[in-house]
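S.K.: Which chain is which? The protein sequence lines are A and B, in order.
Residue numbers for the first sequence follow my numbering, beginning at 9 and rising by one.
Residue numbers for the second sequence follow my numbering, beginning at 33 and rising by one.
Cβ atoms here follow ideal geometry from the backbone N, Cα and C, with glycine treated the same way.
Treat the numbers as computed from the prediction; the structure is a model and nothing was measured.
Got a structure for you, questions after.
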Amino acid sequence: MTDLRLSRRDLFRLGLVAGPASLAAACGWDGGKTLAPTLRGASRLNDWVGEKLLLSDGRLSRQYPRSARTPPAAFPAYSISHPLPTLEDPEGWALEVGGLVANPQSLTLEMIQALPRITYTVKHHCVEGWTAIATWTGAPLSAVIALAAPKPEARYIRFETFDSDYSNGWDLKSAMHPQTILAYAWNDRPLEPAHGAPLRVYSPIKLGYKLTKFLTAMTFTAERPGGYWEDQGYPWLGGV
Amino acid sequence: MNDVPTPSPDAPSPAPEPSPGEPPVPAEPIPAVPPPPPAPAPALPIPTPALPVSAPAPAPVIARPAAPAPRPRVKRHHGLVRVTHWANAVLLVGMIGSGLQIYGAFTHFGPRGHRYYPNPLDGKALPLTMRLGGWLAGGLNWHFALAWPFTLAGLAYVLYLAATGEWRALLFRPRDVPRAWQMQLYYLGLRKEHPPQGKHNALQKAAYSFIILLGALSAATGFAIYKPIQLWWLTALFGGYELARYWHFWAVWLFVAFTLVHVALVFLVDPASLRSMITGWYRGRFPSHD
Numbered sequence: 009m010t011d012l013r014l015s016r017r018d019l020f021r022l023g024l025v026a027g028p029a030s031l032a033a034a035c036g037w038d039g040g041k042t043l044a045p046t047l048r049g050a051s052r053l054n055d056w057v058g059e060k061l062l063l064s065d066g067r068l069s070r071q072y073p074r075s076a077r078t079p080p081a082a083f084p085a086y087s088i089s090h091p092l093p094t095l096e097d098p099e100g101w102a103l104e105v106g107g108l109v110a111n112p113q114s115l116t117l118e119m120i121q122a123l124p125r126i127t128y129t130v131k132h133h134c135v136e137g138w139t140a141i142a143t144w145t146g147a148p149l150s151a152v153i154a155l156a157a158p159k160p161e162a163r164y165i166r167f168e169t170f171d172s173d174y175s176n177g178w179d180l181k182s183a184m185h186p187q188t189i190l191a192y193a194w195n196d197r198p199l200e201p202a203h204g205a206p207l208r209v210y211s212p213i214k215l216g217y218k219l220t221k222f223l224t225a226m227t228f229t230a231e232r233p234g235g236y237w238e239d240q241g242y243p244w245l246g247g248v
Numbered sequence: 033m034n035d036v037p038t039p040s041p042d043a044p045s046p047a048p049e050p051s052p053g054e055p056p057v058p059a060e061p062i063p064a065v066p067p068p069p070p071a072p073a074p075a076l077p078i079p080t081p082a083l084p085v086s087a088p089a090p091a092p093v094i095a096r097p098a099a100p101a102p103r104p105r106v107k108r109h110h111g112l113v114r115v116t117h118w119a120n121a122v123l124l125v126g127m128i129g130s131g132l133q134i135y136g137a138f139t140h141f142g143p144r145g146h147r148y149y150p151n152p153l154d155g156k157a158l159p160l161t162m163r164l165g166g167w168l169a170g171g172l173n174w175h176f177a178l179a180w181p182f183t184l185a186g187l188a189y190v191l192y193l194a195a196t197g198e199w200r201a202l203l204f205r206p207r208d209v210p211r212a213w214q215m216q217l218y219y220l221g222l223r224k225e226h227p228p229q230g231k232h233n234a235l236q237k238a239a240y241s242f243i244i245l246l247g248a249l250s251a252a253t254g255f256a257i258y259k260p261i262q263l264w265w266l267t268a269l270f271g272g273y274e275l276a277r278y279w280h281f282w283a284v285w286l287f288v289a290f291t292l293v294h295v296a297l298v299f300l301v302d303p304a305s306l307r308s309m310i311t312g313w314y315r316g317r318f319p320s321h322d
């Protein structure tokens, strides 16, 4: 009997803990003013673990045969602007490479296509949880970085676009990864607007929202750049 | 009114360890009100654990005491076990809520452009009351923040079991298979006497061993879908990203099923065990040590 009586009291204590927890769950709670900054702090810790401990320069994504490709119509394509952003003057387009670099560049598509070419068929991981396989062709980002010769204090790259105010930032280690490219072809055909024409970042080692489409500029910075989704709370590194 | 005016020795804190020479049974508090009626069912006689379960069933010696003797109060759960138990109980709620929030962003399993894997919840988002985070980024941030304490508490618990030898009272081994069967028969009412047991019966051992394994699998499949390229070997171990995500999701429902049965049995079979998981002290009908 004593046991039961105390159990009730214990139950009450348990309720004190479970009550707020279930309330938090019931409200779709993002942490509020108090906890949301803590959660973002934890997210930064995870970025650090992801970049410094887990990301390996030499770890390459598996490549698939072309027969393993996702049917093109089943490969989702997201953009911020609707309808899809397109260039008014495709001939006048160039990628501006600047910021903390010794040799700023203005690269036309022809110049980028003249750089070494990488083609691979890899799996795309979306933050939402889906995957899809496609063939991508482009120039290694490391080759463009070599052209621009970043200064020692450059630690990040900010990619900018003509898709509304979409932008995001990369760590140099991921940018220098041998499978990180500036892609101009998808499934052996010129990049379509839906996939970021004329040029987008691609890499199998990052989630899709880091693979910036509709590029206009890449800027080397010493400070960690924000980004369209990252500023709203998505993990900054987005590495897989 | 639950409170007894006299200081109760059952007060959960402070609870000093009884010294070895001391009689372990503290005096029952003198109730200020007439004592409640005796428990409806007398405690089942639990044979000593030394009795091998496979021995021929002894003649039922019903040496039932006329009145149930006050049971000694024993220390049943170490503080680390209690802290990690409740920490992971709360963290599990958060992990599941945020995980279901994340699930809502893509409510299928399997690669795009193919037939999706069987899933009773295919195409369905979970109701708001079951989700934590509000939107995908909120769910992700909760999930990846809580994953660390959840994993670390689990590791601390397993290391504690390994270091103290307490795993022996908990690990389900082949010899527990017939015992678990007998226990099941007892629960189904097909066997009269409660099978002998130590700290846990064989079904409990099965459940607690399973839940540790499930926790480990949840953490491993979680890392497998968190870093499928960097931890490719782990992802490959579960059959690739899509399957690892699938197992990670099924683990949720096994956790939910375990928790429902676990909580139900606490109240149906051994309510005193709830108190022991909070204060560490137990005065129930089962042995607290093997």
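1) Just reading off the beta strand (DSSP E) that P148 of chain A is part of, what are its end residues?
2) Please list the partners that D65 of chain A has in chain B, where partner means a Cβ-to-Cβ separation under 8 Å.
3) Checking 8 Å against the spacing of the C-beta atoms, do Q223 of chain A and L103 of chain A come in under that value?
4) From what residue to what residue does the alpha helix (DSSP H) around N54 of chain A run?
5) Check the Cβ of Y273 of chain B against every Cβ in chain A and list those closer than 8 Å, keeping chain order.
6) At which residue ranges does the region 204-261 of chain B contain complete alpha helix (DSSP H) runs of 4 or more residues, listed in the order of the chain?
7) Kindly indicate which three-state DSSP category H132 of chain A falls into: helix, strand or coil?
8) Measure from the C-beta of F176 of chain B to each C-beta in chain A and report whether the shortest distance is under 8 Å.
9) Expressed to the nearest angstrom, what Euclidean distance is found between the alpha-carbon atoms of Y278 of chain B and G142 of chain B?
10) With a threshold of 8 Å between beta carbons, is D38 of chain A in contact with chain B?
11) Quick one: using the 10 Å Cβ neighbour count with 16 as the cut-off for buried, is H280 of chain B buried or exposed?
12) Taking its Cβ as the centre, do 16 or more other Cβ atoms sit within 10 Å of E231 of chain A, making it buried, or is it exposed?
13) Spell out a yes or no on whether the region 171-182 of chain B and the region 50-65 of chain A are touching, meaning 3 or more CB-CB pairs, one atom from each, closer than 8 Å.
14) Given 7 Å as the limit, tell me if G312 of chain B has its C-beta closer than that to any heavy atom belonging to the ligand MN.
15) Where does P93 of chain A sit, in a helix, a strand or coil, going by DSSP?
16) So, using beta-carbon positions, are G129 of chain B and R163 of chain B closer together than 8 Å?
17) What are the residues of the region 204-215 of chain B that lie near chain A, defined by any Cβ-Cβ distance shorter than 7 Å?
18) Counting Cβ pairs closer than 8 Å, one from the region 135-150 of chain A and one from the region 67-79 of chain A, do we hit at least three?
19) For the region 151-158 of chain A and the region 202-219 of chain A, state whether three or more C-beta atom pairs, one from each stretch, are separated by less than 8 Å.
20) Please report how far the alpha carbon of I120 of chain A lies from the alpha carbon of A147 of chain A, in whole angstroms.
21) Of all the options B:A185, B:P319, B:L158, which has the alpha carbon lying nearest to the alpha carbon of V115 of chain B?
22) What in chain A is Cβ-close to K231 of chain B, meaning under 9 Å?
23) Three-state secondary structure (DSSP) at M184 of chain A?
24) Decide if the region 155-175 of chain A is in contact with the region 103-118 of chain A; the criterion is three or more beta carbon pairs, one per stretch, under 8 Å apart.
25) So which of B:E225, B:E274, B:F318 has the shortest CA-CA distance to R147 of chain B?
M.R.: On the basis of the coordinates in this document:
1) 139-148
2) Within 8 Å Cβ-Cβ: nothing; D65 of chain A doesn't reach chain B, min ~11 Å.
3) Per the sequence presented here, residue 223 of chain A reads as Leu, with Gln not at that position. Against a cut-off of 8 Å, the Cβ pair of L103 of chain A and L223 of chain A comes out as a contact.
4) 40-56
5) K131, H133, T139
6) Segments of the alpha helix (DSSP H) lying fully in the region 204-261 of chain B: 208-219, 234-258.
7) strand
8) yes
9) 8 Å
10) For D38 of chain A, the answer is yes, since a Cβ of chain B falls inside 8 Å of its Cβ.
11) buried
12) Its Cβ having fewer than 16 others within 10 Å, E231 of chain A is exposed.
13) yes
14) No copy of the ligand MN appears in this structure; indeed no ligand is present at all.
15) The three-state secondary structure of P93 of chain A, taken from DSSP, is coil.
16) yes
17) none
18) yes
19) No: the two stretches stay apart, fewer than three of their Cβ pairs being nearer than 8 Å.
20) 6 Å
21) Among B:A185, B:P319, B:L158, the Cα nearest to that of V115 of chain B belongs to B:A185.
22) By Cβ distance, chain A contributes nothing, its closest Cβ being about 17 Å from K231 of chain B, past 9 Å.
23) coil
24) yes
25) B:E274
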